Amino acid sequence: MWLILGIIAIVITIINLYMYSAGKDYKLAMAMGLSFTALTLCAEYSLVSRWVKVEDWAALSDVVPGMERALWFLTIVSILLNIAPILLELKGKKSAR
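Its first residue numbered 1497, the sequence shown is counted upward by one per residue in my numbering.
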């Protein structure tokens, strides 16, 4: 499930950036991109929780260390890409003054 949600988050983030570059209203796409990023993190946490409940220590020791770094990186990138249009608009308004 986390993989599907992650792919949806990436696609919506690309749509967000496209809508901004096309001059269309991008705020709904931005909110959806960030929301699907959060849902991806929740789904991954649920997976880890299931492994803990069934005491699958091998899965935890194999997956969690690498996923921690990946999730941090991808979440930070998602936040930056999704808020980039707002930051660019603010920069444009300051330069226009």
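Here a beta-carbon is modelled for each residue, glycine too, at the ideal position from N, C-alpha and C. No experiment lies behind these values; they were computed from the predicted model shown.
inquiry  = Taking 8 Å as the limit between beta carbons, can you name the residues of its chain near ILE1575, skipping five residues before and five after?
reply    = As a first step, residue 1575 is located in the sequence shown; it is residue number 79 there, counting from the start. So the qualifying residues of the chain are LEU1530 and THR1533.
Discussion item. Please return the same chain residues whose Cβ sits closer than 7 Å to the Cβ of ASN1578, not counting the five positions on each side in sequence.
Written reply: In the sequence shown, residue 1578 corresponds to position 82, counting from 1. Answer for ASN1578: THR1509, ASN1512, MET1526, GLY1529 and LEU1530, listed in chain order.
Would you tell me roughly how many angstroms separate the C-alpha atoms of ILE1582 and LYS1589, rounded to the nearest one? The residue you call residue 1582 lines up with position 86 of the sequence shown. The residue you call residue 1589 lines up with position 93 of the sequence shown. Rounded to whole angstroms, ILE1582 to LYS1589 spans 11 Å at the Cα level.
| task | Keeping to the same chain, check which residues put their C-beta closer than 7 Å to that of MET1497; ignore five residues upstream and five downstream. | result | If you number the sequence shown from 1, residue 1497 lands on position 1. ALA1539.
message = What does the alpha-carbon distance come out to for the pair ASP1558 and ILE1504?
response = As a working note, residue 1558 is residue 62 in the sequence shown. As a working note, residue 1504 is residue 8 in the sequence shown. Using only the alpha carbons, I get a separation of about 25 Å.
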